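With our numbering as the guide, the letters of the sequence shown map in order to residues -7 to 250.
Note sheet for the following structure.
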Amino acid sequence: MSPSPLLSARGVIKGFGGRIACRDVSFDLWPGEVLGIVGESGSGKTTLLNCLAGRLTPDAGSVVYETAQMGTVDVHGLSEARRRLLARTEWGFVNQDAREGLRMGVSAGANIGERLMAIGARHYGDIRKSASDWLERVEIDLDRLDDRPTAYSGGMRQRLQIARNLVSNPRLVFMDEPTGGLDVSVQARILDLLRGLVDRFHLSAVLVTHDLGVARLLTHRLMVMQGGQVVEEGLTDQVLDDPHHAYTQMLVASILPV
-7 MSPSPLLSAR GVIKGFGGRI ACRDVSFDLW PGEVLGIVGE SGSGKTTLLN
43 CLAGRLTPDA GSVVYETAQM GTVDVHGLSE ARRRLLARTE WGFVNQDARE
93 GLRMGVSAGA NIGERLMAIG ARHYGDIRKS ASDWLERVEI DLDRLDDRPT
143 AYSGGMRQRL QIARNLVSNP RLVFMDEPTG GLDVSVQARI LDLLRGLVDR
193 FHLSAVLVTH DLGVARLLTH RLMVMQGGQV VEEGLTDQVL DDPHHAYTQM
243 LVASILPV
């Protein structure tokens, strides 16, 4: 039996006032696949991501997710409580600004431990050990376990946010410009970390980025958005090496050396 899509979007439309940010977007995401959504600022990619993750309600269309226990659910047909539970257990969401994905007033260990408690963990020693293990995986010194994120650098906060999201073994991770706003050297290390974790844990993910280099390294398949519409899609290397749409050609040309 062939696998079912993990996430399916059909005819997703979202507008703000007179501006349409997403125009009739449809696609399937398969288990173990990393889908990239690329385009310039204002292309609609983050709006689409937020609709997929249940953070924004589309004006039309549907987003369907294949859960581990409850079968197929309509993301926007769930109660707010069920959607929040899904976000804390089967999903992860890595924000561009790590401060939006962390509790800045509690320790690094507590940030990671909260996700474990959401899936039923209660033993303090086990929670602390898991938090320590994940700090090691994201290359943060264990002596920083009890420090608050306010004492961390931007790169370390992003690493901590990644650990907080992945500690509960989510089936699907949404990533919104996870290397954006960081120094180039820090970006490279975060990107290498993400690539290793995606491979090691066979993660399914939807990645929004304006950086085609990030898309090439992390994604299997690519959707190019312009003005809220998907103008081109296909395997990542095919889209980037042989772009067909004029907008995609412009994006690719903009990163080539002169």
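Idealized CB from N, CA, C, for every residue including glycine.
Just so we're clear, the structure is a prediction, and the values are computed from it rather than from any experiment.
- Distance from the CA atom of residue 77 to the CA atom of residue 67, rounded to whole angstroms, is 12 angstroms.
- By the Cβ criterion, the region 47 to 61 is in contact with the region 2 to 10, since at least three pairs of Cβ atoms, one from each stretch, lie closer than 8 angstroms.
- Less than 8 angstroms divides the Cβ of residue 196 from the Cβ of residue 25.
- With a threshold of 16 other beta carbon atoms within 10 Å, residue 107 meets it and is buried.
- With contact defined as three or more Cβ pairs closer than 8 angstroms, the region 27 to 37 and the region 186 to 201 are in contact.
- C-alpha of residue 186 to C-alpha of residue 157: approximately 12 angstroms in a straight line.
- Counting C-beta pairs with one atom in each stretch, the region 72 to 87 and the region 163 to 183 have three or more that are closer than 8 angstroms, which means they touch.
- For residue 57, the enclosing beta strand (DSSP E) starts and ends at 52 to 58.
- In this structure, residue 122 and residue 159 form a Cβ contact; the two beta carbons are roughly 6 angstroms apart against a cut-off of 8 angstroms.
- Straight through space, the alpha carbons of residue 42 and residue 244 are spaced by roughly 25 angstroms.
- Contact check for residue 110 against residue 137 fails: the beta carbons are separated by 8 angstroms or more.
- For residue 151, the enclosing alpha helix (DSSP H) covers residues 146 to 158.
- Burial is judged here by how many other beta carbons sit within 10 angstroms of a residue's own beta carbon; residue 91 has fewer than 16 and is exposed.
- In the three-state reduction of the DSSP assignment, residue 88 falls in the coil class, being assigned neither a helical nor a strand state.
- In the structure shown, residue 22 adopts coil according to DSSP, grouped into three states.
- Partner residues in the beta bridge of residue 224, as assigned by DSSP, are 216.
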